[in-house]
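Have a look at the structure below before the remarks.
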Amino acid sequence: MRKYLTVFRVNWQNSLQYRAPTVIYILGYTLYISVLLFLWTAIYGEGGRMGPYSLSEMMTYYLLQFVINSVVLSYVSWEIIDHIREGFFSHFLVKPINYFAYWFTINLSGKLFETVLILLAAAGIGLVVGPHVAFPSDPRTYATFLVAAGLGLVLAFELEFCIGLIAFWLIQVRVFKYMLQYAVFFFAGTLLPLDLFPRALAEVAARLPFQYLVFVPIQIFLEKRPAPLADFAAAGVWIVAVYLLARWVLARGIVRYEAVGN
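Each step along the sequence shown adds one to the number in the numbering used here, with nothing skipped, and position 201 is 201.
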């Protein structure tokens, strides 16, 4: 356990030292979300409506999506890909450290710094659009939302971990990674709430694990999910399934890695 605490602390210090890229990303994404929120205000101001969402619910959806996209969604696959392609993975074959646990620790420590910045940015946006933010009527909803977001964080990491391991087999893995990333974003509900999708796409999204990353936690916050415990159970099943898949893919990847002499 101590070695993972050391990894956490070192990566946290690196995040503070090389904070400029994160700050620039947060500022750019803040501008994007701000424009998007004002666009929705204009649409609703003209008498428009999007499905079951009121203006306040739609504003809340995208404000929470802004937070979840940075706090819950993971991007460690880029670093895993570089580790495998550049040969750094060899060091982990002789070290007494779990590769999955190592990257999960890296992910958490990086998210800690990013969470602080994104919450400050969200608070700033909230001061402007505050009257249009929908808050839960039941205080217990905040707790269920945090549980859903926590499950989403674990699942998002596992999916990213599996994607990164594809580098064991593909040389030009970055193109494939971009394709998968945008598919995940789309079916997670980052671009548009899944219940606004055409019926065929909505049915596909309902059968994929990605809804538990963004859409379901936000729906719970908006009190549009009548049975959050069922959502927790489903997310838990996906977490176990993807974890087992990750272990299997990693084991197969190690065999291939050693076979080609890296």
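The beta carbon of each residue, even a glycine, is placed where N, CA and C say it ideally should be.
Nearest to residue i (by Cα), restricted to the options the options
i: Val147; options: Leu5, Asp195 and Gly236; result: Gly236
i: Gly124; options: Arg207, Leu196 and Val67; result: Val67
i: Ile81; options: Arg252, Gly164 and Val242; result: Gly164
i: Ile106; options: Ile218, Glu158, Ala122 and Leu229; result: Glu158
i: Arg2; options: Leu36, Tyr53, Ala101 and Gly28; result: Ala101
i: Arg174; options: Tyr75, Pro52 and Gln13; result: Tyr75
i: Met50; options: Leu27, Ile33, Gln181 and Pro198; result: Pro198
i: Val116; options: Val240, Val23 and Leu213; result: Val23
i: Phe8; options: Phe215, Leu64 and Lys111; result: Lys111
i: Asp138; options: Tyr243, Pro226 and Ala188; result: Pro226
i: Gly130; options: Ser34, Ala205 and Gln172; result: Ser34
i: Gln280; options: Ala251, Gln65 and Tyr44; result: Nothing can be reported for residue 280: it is not among the residues displayed for the chain, which extend from 1 to 262.
i: Tyr4; options: Ala200, Pro96 and Leu170; result: Pro96
i: Ile239; options: Leu208, Ala251, Tyr257 and His83; result: Leu208
Reduced DSSP category for residue i - H, G, I as helix; E, B as strand; rest coil
i: Tyr75; result: coil
i: Met50; result: strand
i: Ile118; result: helix
i: Ala123; result: helix
i: Trp103; result: helix
i: Lys111; result: helix
i: Val133; result: coil
i: Gln219; result: helix
i: Leu27; result: helix
i: Tyr98; result: What sits at residue 98 in the sequence shown is Asn, not Tyr. It is coil, neither helix nor strand.
i: Met179; result: helix
i: Trp248; result: helix
i: Val214; result: coil
i: Thr6; result: helix
i: Thr190; result: coil
Contact under 7 Å by Cβ, residue i with residue j
i: Ala202; j: Leu191; result: no
i: Leu55; j: His132; result: yes
i: Ala246; j: Phe176; result: no
i: Ile26; j: Ala149; result: no
i: Phe168; j: Gly253; result: yes
i: Asn11; j: Ser109; result: yes
i: Glu114; j: Ser77; result: no
i: Ala188; j: Leu213; result: yes
i: Leu36; j: Tyr53; result: no
i: Val274; j: Asp231; result: Within the shown structure, residues of the chain are numbered from 1 to 262, placing residue 274 beyond reach of any answer.
i: Tyr278; j: Phe88; result: Because the chain is modelled from 1 through 262, residue 278 falls outside the range shown and cannot be assessed.
Contact the stretch 138 to 157 vs the stretch 230 to 245: 3+ CB pairs below 8 Å = yes
key: the stretch 33 to 40 in contact with the stretch 57 to 71 per 3-pair CB rule at 8 Å   = yes
inquiry  = Counting beta carbon pairs with one atom in the stretch 214 to 234 and one in the stretch 126 to 142, are three or more of them shorter than 8 Å?
reply    = yes
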